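Chemist: So the sequence shown is numbered by our numbering: it starts at 3 and just counts up by one.
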Amino acid sequence: MIKIKRTLLLTAFLLTALSGSSQKKGSSNRPDASLKIPFKMPEVQIPKFKSDTLNIVDFGAVPNTEQLCTNAINSAIEKCSKSGGGVVLIPAGLWTTGPIKLKSNVNLHTQNGAFVSFTSDLKQYKLIESYFEGNKVIRCESPIMGVDLENIAITGQGIFDGNGAVWRPVKIGKMTAGQWDELVKSGGVLSKDGKIWYPSKGAYEGNEERDKLPKKETVENMEPYKEALRPVMVSLVNCKKLLLDGVTFQNSPAWNVNPLMCEHLTLRNLTIRNPWYSQNGDGLDLESCRVGTVTNCRFDVGDDAICIKSGKDKEGRDRAKPTELFVIADCVVYHAHGGFTIGSEMSGGVKNIYAKNLTFNGTDCGLRFKSVRGRGGVVENIWMEDIRMNNIPTDAINFNLYYFGKSLAEDKTTGEITVAKEAITDETPAFQNMYFKNIYVNGAAQALKIMGIPEMPVTNIEFENMIIRSDVGVQLNYASKIKFRNIDLRLDKPGIAVSFSNSQNLSFDGLKSAGENQLFWVGGLETKDISLKTNGKKMVMDKDLKVLESIKSEVKVVD
Numbered sequence: 003m004i005k006i007k008r009t010l011l012l013t014a015f016l017l018t019a020l021s022g023s024s025q026k027k028g029s030s031n032r033p034d035a036s037l038k039i040p041f042k043m044p045e046v047q048i049p050k051f052k053s054d055t056l057n058i059v060d061f062g063a064v065p066n067t068e069q070l071c072t073n074a075i076n077s078a079i080e081k082c083s084k085s086g087g088g089v090v091l092i093p094a095g096l097w098t099t100g101p102i103k104l105k106s107n108v109n110l111h112t113q114n115g116a117f118v119s120f121t122s123d124l125k126q127y128k129l130i131e132s133y134f135e136g137n138k139v140i141r142c143e144s145p146i147m148g149v150d151l152e153n154i155a156i157t158g159q160g161i162f163d164g165n166g167a168v169w170r171p172v173k174i175g176k177m178t179a180g181q182w183d184e185l186v187k188s189g190g191v192l193s194k195d196g197k198i199w200y201p202s203k204g205a206y207e208g209n210e211e212r213d214k215l216p217k218k219e220t221v222e223n224m225e226p227y228k229e230a231l232r233p234v235m236v237s238l239v240n241c242k243k244l245l246l247d248g249v250t251f252q253n254s255p256a257w258n259v260n261p262l263m264c265e266h267l268t269l270r271n272l273t274i275r276n277p278w279y280s281q282n283g284d285g286l287d288l289e290s291c292r293v294g295t296v297t298n299c300r301f302d303v304g305d306d307a308i309c310i311k312s313g314k315d316k317e318g319r320d321r322a323k324p325t326e327l328f329v330i331a332d333c334v335v336y337h338a339h340g341g342f343t344i345g346s347e348m349s350g351g352v353k354n355i356y357a358k359n360l361t362f363n364g365t366d367c368g369l370r371f372k373s374v375r376g377r378g379g380v381v382e383n384i385w386m387e388d389i390r391m392n393n394i395p396t397d398a399i400n401f402n403l404y405y406f407g408k409s410l411a412e413d414k415t416t417g418e419i420t421v422a423k424e425a426i427t428d429e430t431p432a433f434q435n436m437y438f439k440n441i442y443v444n445g446a447a448q449a450l451k452i453m454g455i456p457e458m459p460v461t462n463i464e465f466e467n468m469i470i471r472s473d474v475g476v477q478l479n480y481a482s483k484i485k486f487r488n489i490d491l492r493l494d495k496p497g498i499a500v501s502f503s504n505s506q507n508l509s510f511d512g513l514k515s516a517g518e519n520q521l522f523w524v525g526g527l528e529t530k531d532i533s534l535k536t537n538g539k540k541m542v543m544d545k546d547l548k549v550l551e552s553i554k555s556e557v558k559v560v561d
C-alpha cells in the first residue's frame, strides 16, 4: 500500500463549515412556521458532532486509483465513533470503495470534488439478512449502510456513485434500438424472450430461473444467486437523529436512499439521480419512519421519486409502524414514474404528511397513490399544497387501488369500471382524509383519476384551487365524500370534462371547463347524492350533463 504522510491541510472554509456541528447533542429545529402545518409537528432533532476530524488519507486511502479504500474509510469511521464521535473527511478526489459502514456520532463529510465510486467487484458485497420492498429478505450489503445507530450524518458536496450498471437488468422497451444493440454487444445475458438484458449469468439465473431458488432462503444457500440480489444504495435501519445534507447519491443498484424504521430525519439539499431506465430505480423511500423533513432536494430517477411506504402485506401490518409526521417542501422532480408517491407497500399505514411547494417537470405521473387488495393499512391526513407540474405524460393525480392486480375493463368514453364488492378485512387498504390545494398543471394526459374499490372507496378528499391543462379531465370510480372547489379544466381534446360512477356524496362548486364537448357524465348504480353547482351556467340535460336514467334523482343541479 502507498503510504501518505499525515497532513493538516483543512481549509478555513471546511473548519467554518464544521464548527457549526459542535453544538450539544439533542439540538432540534422546528420546520418553518410560515408553512402552517395542519397537524401538531414535533421538533425534529438534528444530530450534532464534535469538530474532531479524521481524514481518510491518514488511514491509507489513496485517491485517483482503483485501489479500494474500504478499510481506510471504515477504520476512520470506527475510530471516530469509539473516540466519542466527530467528522470523517473524504477530500476531493476519485475514491473507489466497497461497502461503507456508518457508526453512531459520526458525520461522514465530503469536500467539493469528492467522487466516491462503489466497486464493480460484487465479491466485496456479502449476503446479509436485510429488507427490500417492505419484507425481510436475503440481500447483498448496501454500498452505504447503518443499523441501530444514533446521531449520524452524511454531508458536504461530494458524489456517491453506486455503479448500478453492474447490478441492474434493463428492459428492451426502455431503450432505443441503437442503445439496446450496444448494450447487448457489451456482454451480459438475455432473457429467454430476448426482452430483458442481465449484466451477468448469476443475475439471469436469480431472476429467470426462480424454480431453482431454495424454498427457504439462507445466506449460505443463496450465494450462487447473489448477483440477482441487488441492494438499496443507502440503507439506514432503526436509526435515530439522521442528517443527509448537500451530497449527491446516484446510479444505485436498486432503490437509492431508503431509511427504514428511523426517527428524526433531516434530509436537505440532496441531489438523487438514477438513469431513467433503471429497474427499481426509486429516489427516496421513507419506510415506517416518523418525524422528519425533506427540503430543497432534486430528483431525476428511473422509478418513483419521493416515496412514502410502511411495509408490505402481513409483514407490514404486523410491524405496525406507519410513516408519519413528515414535512416535504421545496423539492423538484424531473424524470420519475411518480413525483410524490404513497404505496404500494403501505400496509403499516401512512398519516400526517404535509407536502408543499413541489415542482414536477416531465415526471410520468405527478401525485401517485397506489395499493391493492391484500395490503391492508390506512393512508390518512395527507395535505398537498402548492404543487406545480409541467409536461406530465400520464395523470397529474392518480389513485389506483388495483396496483399489480388484474387489468380492469374501462369504458373507453367515460372511464367507468365495475368491480365486485368483497368483504372488508385487515387486508383491505384505505385512503381517506386527504387535501389538495393550489395545484397547477401545464400539460398532462389526464387531470385526475381515482380507481377505488367498492368495499372501501377513496373517501373524504378535497380539491381546491386547481388549474389543469390536460387531454382528459376528471374520472372517479368508487369514491365517496369528494369536494371540488374552484376547479379550472382546460382540455386539449374534446370529450367529457368530469365523469364519475358508483360514487357517493360528491360536490362541485366553481367548476370551469374549456375544450370539452360534454361537461358531466354520471353513471353507476351505486352513485348517490351528487351536487353540481354551476355558478350561473345553464346546463342542458343530455348535452352538457348526461345521467344514467335510474339515478337521475340522485343528481342535484344548483344554478
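Glycine residues also receive a C-beta, built at the ideal position from the N, C-alpha and C atoms.
Please read these numbers as outputs of a predicted model, since none were measured by experiment.
1) Which ranges does the alpha helix (DSSP H) cover as unbroken runs of at least 4 residues, wholly within the segment 156–217, from first to last along the chain?
2) Answer yes or no: do D564 and K514 have a C-beta to C-beta separation smaller than 8 Å?
3) Bridge partners of Q289, per DSSP?
4) For a test of the three-state rule: what should DSSP assign to P395, helix, strand or coil?
5) Would I92 be called buried (16 or more neighbouring beta carbons within 10 Å of its own) or exposed?
6) Suppose you measure from the CA of T268 to the CA of Q159; what does that come to, to the nearest Å?
7) Just the Cα atoms here: how many angstroms apart are N354 and G285?
8) Under the three-state reduction of DSSP, which class applies to L104: helix, strand or coil?
9) Quick one: any contact between the segment 173–181 and the segment 251–259, if contact means 3 or more CB pairs under 8 Å?
10) Return the Cβ separation of D397 and N440 in integer angstroms, given the expectation that the two are a contact with Cβ distance under 8 Å.
11) When the Cα of G318 is compared with those of G454, K138, A425, which residue comes out closest?
12) Count the other CB atoms, across all protein chains shown, that sit within 10 Å of the CB of P201; report buried if there are 16 or more and exposed otherwise.
13) Considering only C-alpha positions, which residue in the set W199, P49, I469, E457 is nearest to C241?
14) Keeping to the same chain, check which residues put their C-beta closer than 8 Å to that of T416; ignore five residues upstream and five downstream.
15) Exposed or buried, S349, counting other C-beta atoms within 10 Å across all chains shown (16 or more means buried)?
16) Under the rule that 16 or more other beta-carbon atoms within 10 Å means buried, what is G166, buried or exposed?
17) Assign Q520 to one of two classes, buried (16 or more other C-beta atoms within 10 Å of its C-beta) or exposed (fewer than that).
18) Go through its chain and collect everything with a Cβ distance to K128's Cβ below 6 Å, but skip five positions before and after it.
19) What's the gap between the Cα of K52 and the Cα of L327?
20) For E518 and G475, which I take to be in contact (beta-carbon distance under 8 Å), what is that distance rounded to the nearest angstrom?
21) Can you tell me the Cβ-Cβ gap for T98 and Q69, rounded? I've got them flagged as a contact below 8 Å.
22) Measure the alpha-carbon distance for K218 versus C264 and round it to whole angstroms.
23) If you count every other CB in all the chains shown that lies within 10 Å of the CB of L17, and 16 or more means buried, which is it?
24) Between the Cα of T157 and those of S555, L246, L124, spot the shortest distance and give me the residue it belongs to.
25) Near C333, which residues of its chain fall below 6 Å by C-beta distance, leaving aside the five closest residues on each side in sequence?
26) By Cβ distance, which residues of its chain are closer than 8 Å to P44, with the 5 residues on each side in sequence left out?
27) Would you kindly work out how many angstroms separate the C-alpha atoms of N400 and F371, rounded to a whole number?
28) Indicate whether A481 and P459 have their beta-carbon atoms separated by less than 8 Å.
29) Indicate the three-state DSSP secondary structure (helix, strand or coil) for K414 in the structure shown.
Modeler: Looking at the coordinates:
1) Scanning the segment 156–217 for uninterrupted alpha helix (DSSP H) segments of 4 residues or longer gives 179–187, 203–210, listed from N- to C-terminal end.
2) Lying before the first or after the last residue shown, residue 564 is absent from the chain, which here runs from 3 to 561.
3) One-based indexing of the sequence shown puts residue 289 at position 287. A small correction: the amino acid at residue 289 is Glu; Gln does not occupy that position in the sequence shown. Partner(s): L262, K311.
4) If you number the sequence shown from 1, residue 395 lands on position 393. Here P395 sits in strand by DSSP.
5) Looking up residue 92 in the sequence shown gives position 90. By the Cβ neighbour-count rule, I92 is buried, with 16 or more other Cβ atoms within 10 Å of its own.
6) Here residue 268 corresponds to residue number 266 of the sequence shown, with the count starting at 1. Here residue 159 corresponds to residue number 157 of the sequence shown, with the count starting at 1. Their backbone Cα atoms lie some 16 Å apart in a straight line.
7) As a working mapping, residue 354 is identified with position 352 in the sequence shown. As a working mapping, residue 285 is identified with position 283 in the sequence shown. One C-alpha to the other measures close to 21 Å.
8) Translated into positions along the sequence shown, residue 104 becomes position 102. Correct three-state label for L104: coil.
9) no
10) The sequence position of residue 397 within the sequence shown is 395, counting from 1. The sequence position of residue 440 within the sequence shown is 438, counting from 1. The pair is not a contact, with the Cβ atoms about 18 Å apart (cut-off 8 Å).
11) Position 316 of the sequence shown, counted from the first residue, corresponds to residue 318. Across the set G454, K138, A425, the C-alpha of K138 shows the shortest separation from the C-alpha of G318.
12) Here residue 201 is taken as the residue at index 199 of the sequence shown, counted from 1. P201 is buried by the Cβ-count criterion.
13) Counting from one through the sequence shown, the residue named residue 241 turns up at place 239. Relative to C241, the option among W199, P49, I469, E457 whose CA is nearest is P49.
14) One-based indexing of the sequence shown puts residue 416 at position 414. Taken in chain order, the residues that qualify are Q477, I498, S501, S503, W523, G525.
15) For the purposes of this step, residue 349 is taken as residue 347 along the sequence shown, with counting starting at 1. Buried is the call here.
16) Position 164 of the sequence shown, counted from the first residue, corresponds to residue 166. The residue is buried, with at least 16 neighbouring Cβ atoms inside 10 Å.
17) Taking the first residue of the sequence shown as 1, we reach residue 520 at position 518. Classification of Q520: buried, given that the 10 Å Cβ count is 16 or more.
18) Start at 1 with the first residue of the sequence shown, and residue 128 comes out as number 126. These residues qualify, in order along the chain: E143.
19) To locate residue 52, count along the sequence shown from 1; it is residue 50. To locate residue 327, count along the sequence shown from 1; it is residue 325. Distance between the alpha carbons of K52 and L327: 29 Å.
20) As a working mapping, residue 518 is identified with position 516 in the sequence shown. As a working mapping, residue 475 is identified with position 473 in the sequence shown. E518 to G475, Cβ: 7 Å. Contact.
21) If you number the sequence shown from 1, residue 98 lands on position 96. If you number the sequence shown from 1, residue 69 lands on position 67. Right, the Cβ-Cβ distance comes to about 7 Å (below 8 Å), so this counts as a contact.
22) The sequence position of residue 218 within the sequence shown is 216, counting from 1. The sequence position of residue 264 within the sequence shown is 262, counting from 1. Computed Cα separation, rounded: 29 Å.
23) For this step, residue 17 is matched to residue 15 along the sequence shown. Because the pLDDT at L17 is just 36, under 50, the model does not fix this residue reliably, and the value given afterwards should be weighed accordingly. Exposed, by the Cβ-count rule.
24) Taking the sequence shown and counting its residues from 1, one reaches residue 157 at position 155. Measuring from the Cα of T157, the nearest candidate turns out to be L246.
25) Stepping through the sequence shown from its first residue, residue 333 is reached at position 331. The answer, listed in chain order, is C299, L360.
26) Translated into positions along the sequence shown, residue 44 becomes position 42. These residues qualify, in order along the chain: V293, L327.
27) Along the sequence shown, one-based indexing puts residue 400 at 398. Along the sequence shown, one-based indexing puts residue 371 at 369. C-alpha separation (whole angstroms): 6 Å.
28) Working through the sequence shown from its first residue, we reach residue 481 at position 479. Working through the sequence shown from its first residue, we reach residue 459 at position 457. Yes, the Cβ-Cβ distance between A481 and P459 is below 8 Å.
29) Against the sequence shown, residue 414 aligns to sequence position 412. Note: K414 maps to coil in three-state DSSP.
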